[in-house]
Every structure is written in C-alpha cells, then in structure tokens.
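Trainee:
Residue numbers (the numbering used here): 2 to 282.
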C-alpha cells in the first residue's frame, strides 16, 4: 500500500508541475494582455469619481479642475492619434483611456511615486496619464481645423504604439528613443541637449542605459536614446525601425532584433554608434 501511495503522490506532483508549466507559458504569451487588464481595473477603481468624456478613439477621465480644458485634451488626443498612427501605419485595436490629473503631484501619487517626481505624461500598460494642460511646458501649436497645443499626447501615444507593435517586448531606451523621434518629426519639439559648453560629453554604454532614465544621468539617457534612433534612420533607413520592432514582437531581444534587422555584428555596430555620437558633438 505504501508503494501505491508513493506512486500516486509522484503522479500528482508531476501533474501539478505540468499544469504550472502550462500556466507559465500561457501567462508569458499573454503577459501584455494580462497586465493591461489588471492596470485597467486599477485605473477604473481609482478614477471612479472622475468625470468622463469620449472621442472617436479615446475615453478621457478628468477632475473638475479641467472642466474647461477637456476639449483641448480631446482635440490634442485625436491629433496625436491621427499623426502617430500614420507614422506607424497601424492602429490600436481598442479605445485608449487618458486620465488627466490636476498636477504632477497627483499624477505621481497615482503610481505611488515620490511627490517630487515630476512628469507631464506617462504611458503605462495601455493607458495614458497626463497632467492638466495648464502645466504643459511644450509650447508647440499645431494648426488644422483648429489650433491646439500638442503637449505630451504625441509622445505618450507613440509609447503606446511601440508597446502594440512589439507586443510589450522592448527596452526602455528603445521606446523613449522612438517616442522622441516621432514627437520631433510630428511637432518639431525636442529636449535640449544635456551638455553645456563647458561640460564634457558623456556616452552611456547600452548595457546600463536603461538604468539611468530615473537617475542623475536621466537627461543624458533621454538624449542618447533619441540619437540612437536617428543613427539607425540615417544609416539604415527609417523602415528598419519597423523591422526591428517586428522582430521584437516575435520575441527577439534588442540585440537579436538589431543584429537580424540591420544584418550587422552587434558589437561592431555598437562601436560605430558610439563613434558617431562622439563625432556629432
């Protein structure tokens, strides 16, 4: 009887392990969908008392502070949608939720960040969070059927499209570089270079670049990520950006995607990148 019990226990353990492996595979293949669902539920709960308006492609939630600004946000959002989807030549499958917070402190609080951590906009797991247009620093005006301030919407919606295109498989420097590149191309806006006349130029190795965005060298990380994208465009063509993202979407890491898409030795490519960045300044 003891042997039978041990055999049954062994079979149960094996079955449990198989089920765990299956669950891990299912979750890994659908991690983006699961994450978006979980974040969406959290957003719904935390913004239940916000006002809401809908446009053709967005659900916009806001507080009474922005009653008079919601039309500006709606127009800027639709402008961003049309311009960015034209660039990517693809569209999200669903409407995107945009949450407008009164200030940087309340936006930071929504993520559990320190209140002194300031951001005009953040893309996260399918939704976009921005501060009130009263505090947008980007003074770029786009003229169409109406004048509107582009603000952070083009940048953040570009992040969403990178997420869509790569199925959530991307490095921080890649999405920040693409978002800045798209924003510059559409609105003309770009951040100031982080090096003053008397400041020595610094290039961050790619293997640590991701870690520096929220640290002391954050300004350099943002600058360098844009320059990497521009380097690829200048030397291989803009279409290669989409080939790289296609390969990321198929599961390649960034080194594999660049190597395969550009037909290069990654180490040699990385050296040529650093040399080009140093020559430009």
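Note that the Cβ used here is the ideal one computed from N, Cα and C, for glycine as well.
If you're wondering where the values come from, they're calculated on a predicted model, not measured in any experiment.
(1) State the CB to CB distance for the pair residue 121 and residue 137, rounded to an integer number of angstroms; the pair is presumed to be in contact (CB under 8 Å).
(2) Taking DSSP as the reference, what is the three-state secondary structure of residue 251?
(3) Taking 8 Å as the cut-off, decide whether the C-beta atoms of residue 273 and residue 245 are in contact.
(4) Run through DSSP, which three-state label would residue 260 get?
(5) Is residue 84 close to chain C? Criterion is C-beta to C-beta, closer than 8 Å.
(6) Between the alpha carbons of residue 265 and residue 259, how many angstroms are there, rounded?
(7) Residue 212: buried (16+ other C-beta within 10 angstroms of its C-beta) or exposed?
(8) Determine, using beta carbons only, whether residue 85 and residue 162 come nearer to each other than 8 Å.
(9) Indicate, with yes or no, if the ligand MG has a heavy atom lying under 7 Å from the CB of residue 91.
(10) Would you identify the three-state DSSP class for residue 147, choosing helix, strand or coil?
(11) Sorted by chain position, which residues of the same chain lie with C-beta nearer than 7 Å to residue 28's C-beta, five sequence neighbours on each side aside?
(12) For the beta strand (DSSP E) that residue 63 lies in, which residues bound it at each end?
(13) Tell me, which residues are paired with residue 100 by DSSP?
(14) For residue 224, which of helix, strand or coil comes out of DSSP?
(15) First and last residue of the beta strand (DSSP E) that includes residue 53?
(16) Quick one, which of 135, 196, 227 and 247 has its alpha-carbon nearest residue 210's?
(17) What residue range is occupied by the uninterrupted alpha helix (DSSP H) comprising residue 155?
(18) Straight-line CA distance for residue 214 to residue 117?
(19) Determine, using beta carbons only, whether residue 37 and residue 126 come nearer to each other than 8 Å.
(20) Could you tell me the distance, in whole angstroms, from the CA atom of residue 222 to the CA atom of residue 280?
(21) Tell me which same chain residues have a C-beta within less than 6 Å of the C-beta of residue 97, skipping the five on either side of it?
(22) Would you check if there are 3 or more beta carbon pairs closer than 8 Å linking the region 48-66 to the region 100-120?
(23) Where residue 151 and residue 81 are concerned, what is the direct C-alpha to C-alpha distance, given to the nearest angstrom?
(24) Per DSSP, what are the beta-bridge partners of residue 124 in this structure?
(25) Count the other CB atoms, across all protein chains shown, that sit within 10 Å of the CB of residue 197; report buried if there are 16 or more and exposed otherwise.
Mentor: On the basis of the coordinates in this document:
(1) The residue labelled residue 121 in the question sits at position 120 within the chain shown. The residue labelled residue 137 in the question sits at position 136 within the chain shown. Indeed, because the Cβ distance is near 6 Å, the residues count as touching under 8 Å.
(2) To locate residue 251, count along the chain shown from 1; it is residue 250. In the structure shown, residue 251 adopts coil according to DSSP, grouped into three states.
(3) Counting from 1 along the chain shown, the entry for residue 273 is found at position 272. Counting from 1 along the chain shown, the entry for residue 245 is found at position 244. The answer is no: Cβ separation not under 8 Å.
(4) Here residue 260 refers to the residue found at position 259 of the chain shown. Residue state, collapsed to three classes: helix.
(5) Annotation note: the requested chain C is absent from the structure, which comprises a single protein chain.
(6) Position 264 of the chain shown holds residue 265. Position 258 of the chain shown holds residue 259. Roughly 8 Å separates the two Cα atoms.
(7) Translated into positions along the chain shown, residue 212 becomes position 211. Classification for residue 212: exposed.
(8) On the chain shown, residue 85 is found 84 positions in, with the first residue counted as 1. On the chain shown, residue 162 is found 161 positions in, with the first residue counted as 1. In contact: residue 85 and residue 162 (Cβ atoms closer than 8 Å).
(9) For the ligand MG, the structure offers nothing, since it holds no ligand at all.
(10) Indexing the chain shown from 1 puts residue 147 at position 146. The pLDDT assigned to residue 147 is 43, lower than 50, so where the model puts this residue is not dependable, and the model offers no usable value.
(11) One-based indexing of the chain shown puts residue 28 at position 27. In this predicted model, residue 28 has a pLDDT of only 44, less than 50, meaning its place in the structure is not dependable enough to derive any value.
(12) In the chain shown, residue 63 corresponds to position 62, counting from 1. It spans 59-63 - the beta strand (DSSP E) in which residue 63 sits, taken as one unbroken run.
(13) Looking up residue 100 in the chain shown gives position 99. In the DSSP output, where bridge partners are listed per residue, residue 100 has 62 and 130.
(14) Along the chain shown, one-based indexing puts residue 224 at 223. In the three-state scheme derived from DSSP, where H, G and I count as helix and E and B as strand, residue 224 is classed as helix.
(15) For the purposes of this step, residue 53 is taken as residue 52 along the chain shown, with counting starting at 1. Residues 52-55.
(16) Position 209 of the chain shown holds residue 210. Checked all of 135, 196, 227 and 247; the closest Cα to residue 210 is 227.
(17) Residue numbering aside, residue 155 sits at position 154 when the chain shown is read from its first letter. Per DSSP, the unbroken alpha helix (DSSP H) holding residue 155 starts and ends at 154-167.
(18) Reading the chain shown from its first residue, position 213 is the one you call residue 214. Reading the chain shown from its first residue, position 116 is the one you call residue 117. Roughly 16 Å separates the two Cα atoms.
(19) Residue 37 sits at position 36 when you count from the first residue of the chain shown. Residue 126 sits at position 125 when you count from the first residue of the chain shown. Yes, Cβ-Cβ distance for residue 37 and residue 126 is below 8 Å.
(20) Looking up residue 222 in the chain shown gives position 221. Looking up residue 280 in the chain shown gives position 279. Residue 222 and residue 280: Cα-Cα distance of roughly 18 Å.
(21) Taking the first residue of the chain shown as 1, we reach residue 97 at position 96. Cβ within range, chain order: 59.
(22) Yes: at least three Cβ pairs fall under 8 Å.
(23) If you number the chain shown from 1, residue 151 lands on position 150. If you number the chain shown from 1, residue 81 lands on position 80. Distance between the alpha carbons of residue 151 and residue 81 is about 8 Å.
(24) Counting from 1 along the chain shown, the entry for residue 124 is found at position 123. DSSP output for residue 124 lists 129 as bridge partner(s).
(25) As a first step, residue 197 must be located in the chain shown, where it is residue number 196. The residue in question, residue 197, is exposed, as its Cβ has fewer than 16 Cβ neighbours within 10 Å.
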